[in-house]
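Below you'll find the structure, written out as structure tokens, and then a few comments.
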Amino acid sequence: MTPEQLHIFEAITHWLSVSFYGASSGYCVHGLVRGRTRDFSIGIWLAAIGMLPHTVSLAARWWAVDHGPYLLKDESFSALALGIISMYLLLTLRSPKVRGLGGILLPGVVALMVAARIFTGQVPMTRPPATFEGIWFIIHIVSIVPAMGAFFIAASAAVLYLVKEKWPHGGVAEKVPLLPVLDTCNYLYAGLALFFWGIMTVSGAVWADQSWGRYWAWDPVETWSLITWLCIGLLLHLRRFHGWHGKKAAWFTMVCFLVSLLTLFFLPLVTGSIHSEYLL
Amino acid sequence: MKSIRSFFLSRSTVTTLLVAILLELLAAGIVPQRFLTPVDAFSAWHQANPVLSQVVVFLGLDHLYTSPLFAVTLTIFSLSLALSTYEQCVGAWRKTLAPPKSLPRKEKGVPIADVEALCNRLAASRYIRTWSDGESSRYIRNPWGHWGLPLLHLGLLILIGASLLVFLTSSRGLLELYEGQIAVAGDPMNFTEHGLFAPSPSLPMTVRMTGIQREYWDTDELKQLALSLQFINPDGSRDDHRLVVNRSIRYKGLKIHQSMTSGKAFFLEFLDGEGGVNRGLLLIPRPLSKDSAGYRDFRLPWMFSRLHAKYYSDADRKWIEGERPQLVLRLGSDEVSLLPGENGRIGSFDVRLVDVKNWAGIVFADSFGMAGLFAGFCLLLLGCFLQYLTPPREVFLVSRTGEMVSVYWRAGRLTTLDSDEFEHLQHGLREGLSTRTLKEKKS
Ligand code: HEM
């Protein structure tokens, strides 16, 4: 295949997956509005099928540019969307009670996929620096996907919790999962965000040590990554020690989520460090 | 003693410590740090924020990680963490291996008839019997999940201890060499840093930079930088090594890494008005593209002002690794541009670009405690994994005199998500009950 053909193939598979996710969102939102469990099941199946062309599209990009989906905004967003969908599907396998979260997560995924396409071609094709190599680098970069996936799910559960808490009767809120289920989901996924964010930070430190003989340099993204991790730790402590369940936990989860977005998407763009060499 | 212990273990102390550490890190994330910020930008920030600057200097927030404030917070944090970790280990042991302090309350149980069937069902659902006194027993699914938090906190404790050890005992030195250059053991390095208990690093062995190979992508971005090094031992024996990024060399207890910097070394001759010849060697970092320049400023001992230098890899701007690099020097308002072999004039000097070679940086690192650091990391992550991905669920089978055996189920913090599991188990129990009823009817 020529690079042009590969590019077209990538775009087709990308939009194919967006169509599946779009249909899946439609069913899940309908499921929320109408309170029909069957809609969620269809939505979940459609999302699972959509993952196939999505993975193929990411693989095609990888093939074309000879590096994983982490350097440019479009490929990073697309990989992130895949992470969120996989985390959501795993969650529904574990506890079908939380399928209602799809009503808020899947439209978010569609938005992310469309945003990814908007960024395509906005920067000239870039190649990874020589340091972007080795198993620790791969772990570092790959763990961002489940970490952010977990954060998205925890934050979605928090948003739904706040909505349902505010308008408990009638409308959509009546159909979303029960408050205790949303709260537990928020708790579990905050814990998983702590785990995957921890892997990301640790593997980054090992990678830095192997590359430059220094595991931690307090560069702004490193410092803020530690702050994000401690914020989640604080959230979990507040839950356990001071009864910050439900509403308070939901608000604090939103704060942690915003801090994670700041660390991952904003700081690399405004500070000069090795972390500025991705999300171009 | 007891009150000190309970102070360190109290929930509000732990929360306060976490908040304190977070706030200090936040401050360090916002206030420019001395060791990270260029001198001009650092003083500009302090001039622009005179009041804040006083607070920052008083608390040492501009060098947080070496400030007494951070040291004190971290010490109290570690003490609290150590005591708590011990308590958590005791708690986990009690929950998994020791007999329970008390049995669950009677009214919460579900009576069952076919104990054997239930035990089979429990075994099939991966519940493990961790305690029994002949009459009552405790089954746990994922008993190791109880060890998640103790391991997480132990890992954190080891991590803090090991980081401190590394911080205090490690040293690093950066040596910049051009192709063919030899640096002799004991020579000063271009940049060094060392912990409180580590000696100031000097070059530990004689090194020769035998070659520098740069490989580029089709987009002109650097693909790989490889250095050929020769270590010359005191007995004259030589060891050849190839150093590439991410693949460090271990040599005589040291770790040798490639530094991120490399570029061109410009050999210059400066002729002053009185006929004196001064030589200058300028090592300038490489530009990032064929259209941009690499910059560095120099203070040459025989020149009064700072010499600003930049170079383009190719005078024609065609190649990223051109044969004819263009050097531009600026001294005050005077500027001169030189190609290899060319002469020019700058200030009161006639200057000649004699030769150009490649140069690259090598980092010599000596650290102690890294193994502890990574052991801490691993324990921490293992703990986190056990806590959130293998949550324990408990089933108690309690037999009280004159009553049927009762079953109790508990799933800790994930009860709402995992309650289906108990319904599934209960389903079996109901079957057990109906079997019993049938049996009773038959008899
Ligand atoms: C002074 C330092 C700390 C102390 C004394 C401390 C103490 C504790 C204690 C006593 C528990 C409850 C344990 C149990 O119920 O068995 C706990 C839970 C926890 N701690 Fe810490 N902790 C500290 C710092 C941290 C840090 C820095 C983190 C990571 C960011 C962290 C993460 C957690 C997590 C994830 C939980 C479990 C929360 C849950 O799932 O309910 N802790 N901590």
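Protein sequence lines, in the order shown, are assigned to chains G and A.
Letter 36 of the first sequence, counting from 1, is numbered 36 in the working numbering, and no numbers are missing.
Offset between the second sequence (1-based) and the working numbering: plus 1000.
Where is the CB? At the ideal position from N, CA and C, for every residue including glycine.
Contact test: residue 1419 (chain A) Cβ vs ligand 1 heavy atom, cutoff 7 Å: Looking up residue 1419 (chain A) in the second sequence gives position 419. The answer is no for residue 1419 (chain A).
Residues bridged to residue 115 (chain G) (per DSSP): For the purposes of this step, residue 115 (chain G) is taken as residue 115 along the first sequence, with counting starting at 1. Residue 115 (chain G) is not bridged to any residue.
Within-8 Å CB hit, residue 231 (chain G) to chain A: As a working mapping, residue 231 (chain G) is identified with position 231 in the first sequence. Contact of residue 231 (chain G) with chain A is assigned, a C-beta pair being separated by under 8 Å.
Closer than 8 Å to chain G by CB, residue 1003 (chain A): Indexing the second sequence from 1 puts residue 1003 (chain A) at position 3. Residue 1003 (chain A) does not count as touching chain G.
Residue 269 (chain G) classed as buried or exposed, judged by whether at least 16 other C-beta atoms fall within 10 angstroms: Within the first sequence, numbered from 1, the residue matching residue 269 (chain G) stands at position 269. Its Cβ having fewer than 16 others within 10 Å, residue 269 (chain G) is exposed.
Whether residue 1262 (chain A) touches residue 1359 (chain A) by CB criterion (8 Å): One-based indexing of the second sequence puts residue 1262 (chain A) at position 262. One-based indexing of the second sequence puts residue 1359 (chain A) at position 359. The answer is yes: Cβ separation under 8 Å.
As assigned by DSSP and simplified to three states, the class of residue 1205 (chain A): In the second sequence, the residue the question calls residue 1205 (chain A) occupies position 205. Assignment of residue 1205 (chain A) by DSSP, reduced to helix, strand and coil, places it in the coil class.
Residue 1368 (chain A) beta carbon less than 8 Å from that of residue 1466 (chain A): The question about residue 1466 (chain A) has no answer here: the residues shown for chain A are numbered 1001 through 1443.
Sequence-distant residues of the same chain with beta carbon closer than 6 Å to residue 1398 (chain A), five excluded per side: Residue 1398 (chain A) sits at position 398 when you count from the first residue of the second sequence. So the list reads 1103, 1136, 1406, once near-sequence residues are dropped.
Any non-hydrogen atom of ligand 1 within 7 Å of residue 1080 (chain A) CB: By one-based count along the second sequence, residue 1080 (chain A) stands at place 80. Yes, the beta carbon of residue 1080 (chain A) sits closer than 7 Å to at least one heavy atom of ligand 1.
Terminal residues of the beta strand (DSSP E) in which residue 1364 (chain A) lies: The residue you call residue 1364 (chain A) lines up with position 364 of the second sequence. Under the DSSP assignment, residue 1364 (chain A) falls in the beta strand (DSSP E) whose first and last residues are 1349 to 1366.
Limits of the beta strand (DSSP E) - the one that residue 1150 (chain A) falls within: Counting from 1 along the second sequence, the entry for residue 1150 (chain A) is found at position 150. Note, residue 1150 (chain A): premise wrong, no beta strand (DSSP E); alpha helix (DSSP H) at 1148 to 1169.
Cβ distance (whole Å) where residue 1257 (chain A) is taken to contact residue 1365 (chain A) below 8 Å: Here residue 1257 (chain A) is taken as the residue at index 257 of the second sequence, counted from 1. Here residue 1365 (chain A) is taken as the residue at index 365 of the second sequence, counted from 1. Right, their Cβ atoms sit about 6 Å apart.
Any chain D beta carbon closer than 8 Å to residue 101 (chain G): Included in the structure are the protein chains G and A, with no chain D among them.
Beta-carbon proximity check, residue 193 (chain G) vs residue 154 (chain G), cutoff 8 Å: Counted from its first residue, the first sequence places residue 193 (chain G) at position 193. Counted from its first residue, the first sequence places residue 154 (chain G) at position 154. Residue 154 (chain G) is positioned such that its CB atom lies closer than 8 Å to that of residue 193 (chain G).
Residue 1014 (chain A) beta carbon near ligand 1 (any heavy atom closer than 7 Å): To locate residue 1014 (chain A), count along the second sequence from 1; it is residue 14. Set against 7 Å, the gap from the CB of residue 1014 (chain A) to the closest heavy atom of ligand 1 is smaller.
Whole-angstrom distance between residue 206 (chain G) and residue 278 (chain G), CA atom to CA atom: The count along the first sequence starts at 1 and reaches residue 278 (chain G) at position 278. The count along the first sequence starts at 1 and reaches residue 206 (chain G) at position 206. The predicted position of residue 278 (chain G) is uncertain, since its pLDDT is 48 and thus under 50; a value taken from the coordinates is nonetheless stated next. Straight-line Cα distance between these residues: approximately 19 Å.
Exposure label - residue 73 (chain G); buried when at least 16 CB within 10 Å: Taking the first sequence and counting its residues from 1, one reaches residue 73 (chain G) at position 73. Flag for residue 73 (chain G) reads buried.
Supposed close pair residue 184 (chain G), residue 1416 (chain A) - CB separation, criterion 8 Å: Position 184 of the first sequence, counted from the start, is the residue given in the question as residue 184 (chain G). Position 416 of the second sequence, counted from the start, is the residue given in the question as residue 1416 (chain A). Rounded, the Cβ-Cβ distance is 4 Å, consistent with contact.
Contacts around residue 1373 (chain A), its chain only, beta-carbon distance under 7 Å, and the 5 residues preceding and following it disregarded: Mapped onto the second sequence, residue 1373 (chain A) falls at position 373. Non-local C-beta neighbours of residue 1373 (chain A) in its own chain, meaning closer than 7 Å and more than five positions away in sequence, comprise 1159, 1162, 1163, 1166, ordered along the chain.
Beta-carbon spacing of residue 1059 (chain A), residue 1067 (chain A) below 8 Å: Taking the second sequence and counting its residues from 1, the one referred to as residue 1059 (chain A) is at position 59. Taking the second sequence and counting its residues from 1, the one referred to as residue 1067 (chain A) is at position 67. Result yes, Cβ atoms of residue 1059 (chain A) and residue 1067 (chain A) sit closer than 8 Å.
Chain G contacts made by the segment 1025 to 1038 of chain A, where a contact means CB separation under 9 Å: Against chain G - using a Cβ distance shorter than 9 Å - the residues of the segment 1025 to 1038 of chain A are 1025, 1026, 1028, 1029, 1033, 1035, 1036.
Start and end residues, alpha helix (DSSP H) containing residue 1278 (chain A): To locate residue 1278 (chain A), count along the second sequence from 1; it is residue 278. No alpha helix (DSSP H) holds residue 1278 (chain A); the beta strand (DSSP E) holding it covers 1277 to 1285.
Sequence-distant residues of its chain with Cβ nearer than 8 Å to residue 1157 (chain A) (five each side left out): By one-based count along the second sequence, residue 1157 (chain A) stands at place 157. Closer than 8 Å at Cβ, skipping near neighbours: 1078, 1081, 1082, 1085, 1376.
Where residue 1304 (chain A) sits in the DSSP three-state scheme: For this step, residue 1304 (chain A) is matched to residue 304 along the second sequence. Coil at residue 1304 (chain A), not helix or strand.
The segment 186 to 205 of chain G contacting the segment 104 to 111 of chain G, beta-carbon criterion three pairs below 8 Å: The segment 186 to 205 of chain G, when compared against the segment 104 to 111 of chain G, does not touch it at the 8 Å Cβ threshold.
Neighbourhood of residue 1432 (chain A) by C-beta, 8 Å cutoff - its chain only, sequence neighbours within 5 removed: For the purposes of this step, residue 1432 (chain A) is taken as the residue at position 432 of the second sequence. With a pLDDT of 47 at residue 1432 (chain A), under the threshold of 50, the modelled position of that residue is not reliable, and no figure is offered here.
Neighbour flag for residue 1387 (chain A) against chain G, beta carbons, 8 Å: Reading the second sequence from its first residue, position 387 is the one you call residue 1387 (chain A). Taking 8 Å as the threshold, the shortest C-beta distance from residue 1387 (chain A) to chain G falls below it.
Integer-rounded CB distance, given that residue 1287 (chain A) should sit under 8 Å from residue 1312 (chain A): Position 312 of the second sequence holds residue 1312 (chain A). Position 287 of the second sequence holds residue 1287 (chain A). Rounded, the Cβ-Cβ distance is 6 Å, consistent with contact.
Segments assigned beta strand (DSSP E), at least 3 residues, entirely inside the segment 1372 to 1413 of chain A: List check, beta strand (DSSP E) in window: 1393 to 1398, 1405 to 1410.
Chain A contact residues for residue 224 (chain G), given Cβ-Cβ distances below 8 Å: Numbered from 1 along the first sequence, position 224 holds the residue referred to as residue 224 (chain G). In chain order: 1029.
Contact check, residue 1331 (chain A) vs residue 1344 (chain A), beta carbons under 8 Å: The count along the second sequence starts at 1 and reaches residue 1331 (chain A) at position 331. The count along the second sequence starts at 1 and reaches residue 1344 (chain A) at position 344. Contact flag unset, no.
Proximity test, residue 229 (chain G) beta-carbon vs ligand 1 heavy atom, cut-off 7 Å: As a working note, residue 229 (chain G) is residue 229 in the first sequence. Answer for residue 229 (chain G): yes, Cβ within range of ligand 1.
Whether residue 1252 (chain A) touches residue 1204 (chain A) by CB criterion (8 Å): Here residue 1252 (chain A) refers to the residue found at position 252 when the second sequence is read from its first residue. Here residue 1204 (chain A) refers to the residue found at position 204 when the second sequence is read from its first residue. Contact flag set, yes.
Residues in the segment 181 to 198 of chain G having any Cβ partner in chain A nearer than 8 Å: Among the residues of the segment 181 to 198 of chain G, those with a Cβ less than 8 Å away from any Cβ of chain A are 181, 183, 184, 185, 187, 188, 191, 192, 194, 195, 198, in the order of the chain.
Near ligand 1: residue 1292 (chain A) beta-carbon under 7 Å from a heavy atom: Position 292 of the second sequence, counted from the start, is the residue given in the question as residue 1292 (chain A). Checking every heavy atom of ligand 1 against the Cβ of residue 1292 (chain A), none is found closer than 7 Å.
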